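Enquirer: One structure follows; several queries about it will come next.
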Amino acid sequence: MSRRFHAEPLILVLRHLEALLPSGPVSIEVPDPDLGHGRYPGERVEGGGVHRPLRSWCDLAEGLSCRLRTPRAVDATHVQLTFEPLGSEASWHAGGGTRTGAPQERYGAASDFARVRKFEDAGFLVPWLEAVGRLALPPGARLLDLGVNRGDELAAFADVEGIRFVGVDHSASALEEARAAFPDARHTFVQADLNALPADLGRFDAVVSVGTLQSPGVDDRALLRKLVQEHLEPKASLLLGFPNSRFRDGEVVYGARVRNLREPDLSLLVKDLSFYRRYLHQHGFRTFLGGKYDLLLTAVRGQAGGSDDAAD
Numbered sequence: 001m002s003r004r005f006h007a008e009p010l011i012l013v014l015r016h017l018e019a020l021l022p023s024g025p026v027s028i029e030v031p032d033p034d035l036g037h038g039r040y041p042g043e044r045v046e047g048g049g050v051h052r053p054l055r056s057w058c059d060l061a062e063g064l065s066c067r068l069r070t071p072r073a074v075d076a077t078h079v080q081l082t083f084e085p086l087g088s089e090a091s092w093h094a095g096g097g098t099r100t101g102a103p104q105e106r107y108g109a110a111s112d113f114a115r116v117r118k119f120e121d122a123g124f125l126v127p128w129l130e131a132v133g134r135l136a137l138p139p140g141a142r143l144l145d146l147g148v149n150r151g152d153e154l155a156a157f158a159d160v161e162g163i164r165f166v167g168v169d170h171s172a173s174a175l176e177e178a179r180a181a182f183p184d185a186r187h188t189f190v191q192a193d194l195n196a197l198p199a200d201l202g203r204f205d206a207v208v209s210v211g212t213l214q215s216p217g218v219d220d221r222a223l224l225r226k227l228v229q230e231h232l233e234p235k236a237s238l239l240l241g242f243p244n245s246r247f248r249d250g251e252v253v254y255g256a257r258v259r260n261l262r263e264p265d266l267s268l269l270v271k272d273l274s275f276y277r278r279y280l281h282q283h284g285f286r287t288f289l290g291g292k293y294d295l296l297l298t299a300v301r302g303q304a305g306g307s308d309d310a311a312d
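The sequence shown: position 63 = 63 (UniProt numbering), numbered continuously.
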């Protein structure tokens, strides 16, 4: 039987859930969040209960490593919330997840990773579209995508007249899906190691990379220098995504985490971002940092607007 919480402090609700979750899903009854329209968390609502928006309950579930099931109405003023403990992390976080048996296809079309469609999740899509809008690409722009995989992120650039994509990835099967998604002859998809980019790539108006530069085996700092020095046009821009989440039992969980630590630790992520911003500022770029589950670093050079940071 689920316990009803009406006006108790949230910390008591949390402690109740913590005590019972090791045994499995836990249901509680709380004031209907819809009754608190315009009220802040903790304010009273009809019937004397304490308002907490649905977003707050979602955040609580995430903090407890749970899935929040769809709320069910109990009566006119209360709903039932069920917190279900999440299972294990996605296999690719530990270096597994290859169904084909080919190590180089860990992120290929037949991998567990291929199940993820990040841009079907608003937590990824909305910040990505905002960041793309800062690039202000000209008609006919040439765009390089490092770690393109099947090219999901490229759909955000479809409105740029005459845009030309060059995607680089090590996975042959993922590149085949990218070619099928963008069959126009002006787009090119190249199988290559990011540490050894083909010499004939040329120069680009923009470079994007999502969740790839911090991959094991990639010398991201050497790669950044090579891009700036050899592959960017004078007024080029960059959009780089740094993972700030992990996948667990079909859910995305906020916060970067190093191995052997249960809780998120953003120190390495902050260190990497500090280096990137400092280096880009030294080379005349202005930067903006946004995002949520991926932290998105936008860098523009020779453009008016589109950024909020002056060079250090």
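Built from N, CA and C at the ideal position, the CB exists for glycine as well. A quick note: this is a predicted structure, and the numbers were derived from the prediction, not measured.
For Val-208, write down the residues that DSSP places opposite it in a beta bridge.
Expert: Asp-145 and Leu-239
Enquirer: Which whole runs of the beta strand (DSSP E) in the segment 26 to 73 are 3 residues long or more, in chain order?
Expert: 26 to 31 and 66 to 68
Enquirer: Would you tell me roughly how many angstroms separate the C-alpha atoms of Leu-60 and Leu-14, rounded to the nearest one?
Expert: If you draw a straight line from the Cα of Leu-60 to the Cα of Leu-14, it is about 8 Å long.
Enquirer: Using C-beta distances below 6 Å, list every residue in its chain close to Val-166, excluding the 5 sequence neighbours before and after it, in chain order.
Expert: Leu-144 and Thr-188
Enquirer: I'd like to know whether the C-beta atoms of Val-208 and Glu-153 end up nearer to each other than 8 Å.
Expert: yes
Enquirer: Tell me where the alpha helix (DSSP H) around Arg-225 begins and ends.
Expert: 220 to 226
Enquirer: Helix, strand or coil for Tyr-293 per DSSP?
Expert: Looking at Tyr-293 - three-state DSSP - the assignment turns out to be coil, as it is neither helix nor strand.
Enquirer: Between Arg-301 and Phe-288, is the Cβ-Cβ spacing less than 8 Å?
Expert: no
Enquirer: I want to know whether the segment 213 to 229 touches the segment 184 to 200 - three or more CB-CB distances under 8 Å.
Expert: Yes, the segment 213 to 229 touches the segment 184 to 200.
Enquirer: With a cut-off of 8 Å on the beta carbons, I'd call Arg-88 and Asp-249 a contact; round off their distance for me.
Expert: The question names Arg, but residue 88 is Ser in the sequence shown. Indeed they touch by this definition, with Cβ atoms about 7 Å apart.
Enquirer: Can you tell me which of the three DSSP states Asp-169 falls into?
Expert: strand
Enquirer: Thinking C-beta only, is Val-168 closer than 8 Å to Leu-146?
Expert: For Leu-146 and Val-168, yes; Cβs fall inside 8 Å.
Enquirer: Would you mind giving the Cβ-Cβ distance between Pro-127 and Gly-255, rounded to the nearest angstrom? I have them listed as a contact below 8 Å.
Expert: Pro-127 to Gly-255, Cβ: 16 Å. No contact.
Enquirer: Glu-84 bridges to which residues according to DSSP?
Expert: Arg-67
Enquirer: Does the segment 28 to 35 touch the segment 74 to 81, meaning 3 or more C-beta pairs lie closer than 8 Å?
Expert: Contact between the segment 74 to 81 and the segment 28 to 35 is present: three or more C-beta pairs spanning the two stretches fall below 8 Å.
Enquirer: Out of Glu-230, Pro-264 and Phe-242, point me to the one whose CA is closest to Leu-213's CA.
Expert: Phe-242
Enquirer: Figure out for me which residue from Glu-251, Leu-295 and Gly-123 has the closest Cα to the Cα of Phe-113.
Expert: Glu-251
Enquirer: Tell me, please, which residues DSSP counts as bridged to Arg-4.
Expert: Its beta-bridge partners are Glu-29.
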